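Quick notes on the structure that follows.
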Amino acid sequence: MQIHKKRIKKEDGRYLIYYTFTDETQEGEEGKDVRTKMESHPETMGNNSHSSTEQDL
Amino acid sequence: MSTEVPAEDYDIVVFENKFPSLQKESLETIGSDSKFFKHGKAQGICEVVLFTSDHDGIMSEKPLSRYIKLVKVWRDRYRELGAKDFIDYVFIFENKGEEVGVTLHHPHGQIYAYPFIPPIIEQELNSSKEYLEKEGECLFCKNLEEEKKDGRRIIISNDSFTALVPFSASYTYEVHIYTNKHLPSFNDFSEKEEIDLAAILKTILMKFDNLFGFTFPYIMAIHQQPTNGTGKEYSHFHIEFYPPYRTKDKLKYLAGSELGAGTFINNCLPEEKAEELRDAPPKGVVYD
């Protein structure tokens with residue numbers, strides 16, 4: 000199972016990190032990759048820092 | 000949580016606590032210019048970890064994959080927060096249930112990244128260091144060896160972990176989970192150890208909830224190596240649970256002896272409580 004993270008900055012300056020997971024061997028409700036659903040929320044896209052860069056906010 | 004997390008559906012979320020006890024920015028201390036009263040800056044980081052987007056979810060009913068994800072997130076937070084030069088200790092914990100003062104029912108835990116090693120953990124590490132210097136081995140490894148030799152307080156184990164009621168339990172249903180090998184921290188885990196920890200955690204939570212037929216409250220504390228570079232030889236990863244119930248309908252209150260004298264009164268034998276937890280379903284470690 001691979002871990003992924005996406006960091007956003009909230010309006011008050013605090014950071015929030017969405018963790019998602021991909022697992023080729025596991026399907027179903029708990030094994031799904033929810034990144035697509037998350038990204039459909041426009042409010043999560045503002046001030047994004049890409050998770051893999053570990054940018055400090 | 001809807002006010003904290005913009006997305007309705009998510010897997011696991013971590014965010015900075017809105018009312019942090021410690022702050023990232025180095026604040027000047029206030030309140031005393033005295034040389035007698037010791038004080039320091041409350042610099043650090045306080046995070047909240049949402050274990051699931053299921054607001055009313057019960058963790059013991061979640062599949063193993065949810066626990067594996069949580070372990071991976073804990074590892075990541077330990078690494079990221081511990082890499083900061085002003086952080087000496089990353090303390091991962093969970094307060095669960097109204098009985099321990101929690102009003103938010105959404106499954107969640109917290110992380111405090113301290114600029115020092117907290118006193119209980121420092122005392123524990125000092126004891127282990129002293130034992131290592133005197134006896135040449137890790138105190139926790141020795142403790143686990145003795146517990147296994149005796150066997151009566153062991154609840155359950157798998158290849159990588161052992162769950163037990165400690166010989167010197169302060170709380171009636173206190174449970175510790177130790178790595179079988181000398182692993183100082185999350186940094187030393189293999190993927191199998193992540194899965195094995197997830198499995199034994201899930202199993203213990205199921206046993207807790209099946210013990211009296213209600214969701215068992217507890218305080219959970221993860222003890223591991225400080226992130227200031229010390230203690231690799233004498234830190235031993237383990238998790239401690241302190242459930243407040245001493246019977247199905249009686250709570251343990253910290254009173255005169257505990258708070259005034261630092262001496263816990265426990266009128267139950269840990270061997271008997273371990274047997275109760277062994278008998279509570281499930282019988283084996285759950286891997287699904």
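From first to last, the protein sequence lines stand for chains A and B.
Numbering of the first sequence is given in numbering that gives the first Met the number 0, commencing with residue 0 and proceeding in unit increments.
Numbering of the second sequence is given in numbering that gives the first Met the number 0, commencing with residue 0 and proceeding in unit increments.
Just so it is clear, CB atoms sit at the ideal spot from N, CA and C, and this is done for glycine as well.
As the structure is a computational prediction, the values presented were derived from the model and not from experiment.
- State yes or no: is the C-beta of Leu138 (chain B) within less than 8 Å of the C-beta of Leu210 (chain B)? no
- Task: Count the CB pairs spanning the region 238-257 of chain B and the region 134-151 of chain B that are closer than 8 Å, and state whether there are at least three.
- Result: The region 238-257 of chain B vs the region 134-151 of chain B: no contact.
- Message: Between B:Gln22, B:Ser33, B:Phe18 and B:Arg78, which has its C-alpha nearest Lys40 (chain B)'s C-alpha?
- Response: B:Gln22
- Task: Look up Thr202 (chain B) in the DSSP assignment and say whether it is helix, strand or coil.
- Result: helix
- Determine the burial state of Gln54 (chain A): buried for a count of at least 16 other Cβ atoms within 10 Å of its Cβ, exposed for fewer. Unreliable placement is indicated for Gln54 (chain A), whose pLDDT of 30 sits below 50; no coordinate value is reported for it.
- Would you mind working out which of B:Thr246, B:Ile218 and B:Ser64 sits nearest Lys272 (chain B), comparing C-alpha positions? Selected option, being the one with the closest Cα: B:Thr246.
- Bridge partners - Cys137 (chain B), DSSP secondary structure assignment: The partner list for Cys137 (chain B) (beta bridge, DSSP) is empty, contrary to what the question assumes.
- Query: Nearest to Phe20 (chain A) by alpha carbon, out of B:Phe14, B:Ser64 and B:Glu46?
  - Reply: B:Ser64
- Query: For Ile67 (chain B), which residues in chain A fall below 7 Å Cβ to Cβ?
  - Reply: Think of a sphere of 7 Å around the beta carbon of Ile67 (chain B): the chain A residues whose beta carbon falls inside it are Met0, in chain order.
- Chain-ordered neighbours of Phe50 (chain B) on chain A, where CB pairs are closer than 8 Å: Here the premise fails: no neighbours, minimum Cβ distance about 11 Å.
- Task: Flag Arg65 (chain B) as yes when its Cβ comes closer than 7 Å to any non-hydrogen atom of the ligand GTP, and as no otherwise.
- Result: By its list of ligands, the structure shown contains no ligand whatsoever, and the ligand GTP lies outside what it can speak to.
- Message: According to DSSP, simplified to helix, strand and coil, what is Lys5 (chain A)?
- Response: strand
- Message: I'd like the span of the alpha helix (DSSP H) that includes Leu63 (chain B), first residue to last.
- Response: Leu63 to Gly81
- Item | Amino acids of chain A, ordered along the chain, whose beta-carbon sits closer than 8 Å to that of Val70 (chain B) | Those do not exist, as Val70 (chain B) stays about 10 Å from chain A at its closest Cβ, beyond 8 Å.
- Query: For a contact meaning CB atoms closer than 8 Å, what does Val164 (chain B) contact in chain A?
  - Reply: Within chain A, no residue comes near Val164 (chain B); the closest Cβ sits about 30 Å away, beyond 8 Å.
- My understanding is that Pro242 (chain B) touches Phe207 (chain B), with C-beta atoms under 8 Å, so please give their C-beta distance in whole angstroms. 7 Å
- Item | Three or more C-beta pairs below 8 Å linking the region 90-97 of chain B and the region 12-21 of chain B | Remark: fewer than three beta-carbon pairs, one from each stretch, lie closer than 8 Å, so the region 90-97 of chain B and the region 12-21 of chain B are not flagged as touching.
- Task: Within its chain, find whatever has a CB closer than 6 Å to the CB of Tyr177 (chain B); leave out the 5 residues flanking it on each side and keep chain order.
- Result: Leu143, Thr161 and His237
- Query: My guess is that Pro183 (chain B) and His235 (chain B) are in contact by the Cβ rule of under 8 Å, so how many angstroms apart are they, rounded?
  - Reply: 7 Å
- Task: With 8 Å as the threshold, decide whether the Cβ of Phe14 (chain B) is near any Cβ in chain A.
- Result: Yes, its Cβ sits closer than 8 Å to a Cβ of chain A.
- Query: Where Glu7 (chain B) and Ile218 (chain B) are concerned, what is the direct C-alpha to C-alpha distance, given to the nearest angstrom?
  - Reply: 28 Å
- Below-8 Å beta-carbon distance, Thr43 (chain A) vs any chain B residue: With a pLDDT of only 36 at Thr43 (chain A), under 50, the local geometry of the prediction cannot be trusted, and the value read off the model is given with reservation. It does; some Cβ of chain B falls within 8 Å.
- Task: Assuming Phe240 (chain B) contacts Val174 (chain B) (C-beta within less than 8 Å), just tell me the rounded distance between them.
- Result: 4 Å
- If contact means a Cβ-Cβ distance below 7 Å, which residues of the region 197-226 of chain B contact chain A? none
- Task: Output the residue ranges of the beta strand (DSSP E) runs that lie fully inside the region 216-261 of chain B and measure 3 residues or longer, sorted by chain position.
- Result: 217-222, 237-241 and 244-246
- Would you say Ala6 (chain B) faces chain A, with C-beta separation under 8 Å as the test? yes
- Message: Quick check on DSSP: helix, strand or coil for Asn186 (chain B)?
- Response: Three-state DSSP puts Asn186 (chain B) in a helix.
- Using the rule of at least 16 other Cβ atoms within 10 Å of the residue's Cβ for burial, across every protein chain shown, is Glu10 (chain A) buried or exposed? exposed
- Quick one, which of B:Glu3, B:Gln122 and B:Phe85 has its alpha-carbon nearest Asn227 (chain B)'s? B:Phe85
- Message: Within the continuous alpha helix (DSSP H) that includes Lys272 (chain B), where are the two ends?
- Response: Pro269 to Asp278
- Candidates B:Gly135, B:Tyr170 and B:Phe185: closest to Ile264 (chain B) by CA position: Nearest of B:Gly135, B:Tyr170 and B:Phe185 to Ile264 (chain B), Cα basis: B:Tyr170.
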